[in-house]
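In my numbering, the protein residues as written are 58 to 193. Each residue gets a CB set at the ideal place from its N, CA and C atoms; glycine is no exception. Notes to accompany the following structure.
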């Protein structure tokens with residue numbers, strides 16, 4: 058499955074629809090960097106709202122062998138680095154006036170993968186982003 062067909066892109070598409078604007082995907086900021094100095098991307102940035110949406114798939118909360126055992130350039134397992142970077146995003150972005158909302162695959166039910174029922178998934182996203190939806 059290509060990245061554009063991923064659950065992350067599906068959920069960000071739903072966010073775009075709910076918020077009425079298109080996110081900058083895999084957006085980077087000069088002030089948000091990884092251990093090697095490389096810019097850390099965020100899943101979605103809505104500039105007009107000063108909002109970042111991060112979608113947490115299984116590997117953000119569960120052990121996934123394919124991802125977790127791989128060593129990084131920083132010398133820590135990928136699972137450890139992912140947690141460090143997730144926390145860094147949540148700490149650093151608000152220091153620059155950018156709000157962070159995390160949407161987890163758990164928000165859509167108990168399955169380890171999204172079932173992609175657009176109507177019910179939109180309802181979930183609307184509830185999670187209700188404070189950012191402009192009244193028309």
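query	result
Do residue 76 and residue 113 count as a contact pair if the criterion is CB distance below 9 Å?	no
Could you round the C-beta distance between residue 111 and residue 182 to whole angstroms and report it? I think they count as a contact, below 8 Å.	Not a contact, Cβ separation roughly 13 Å.
Contact defined as beta carbons within less than 8 Å: I believe residue 97 pairs with residue 142. What is the distance between those atoms, to the nearest angstrom?	6 Å
Is the beta carbon of residue 147 sitting closer than 9 Å to the one on residue 159?	yes
Measuring straight from C-alpha to C-alpha, what distance separates residue 186 and residue 83?	19 Å
DSSP state of residue 191, grouped into three classes?	coil
By the three-class DSSP mapping on this structure, what secondary structure does residue 63 have?	coil
Using the Cα positions of residue 191 and residue 127, report the straight-line distance between them to the nearest angstrom.	42 Å
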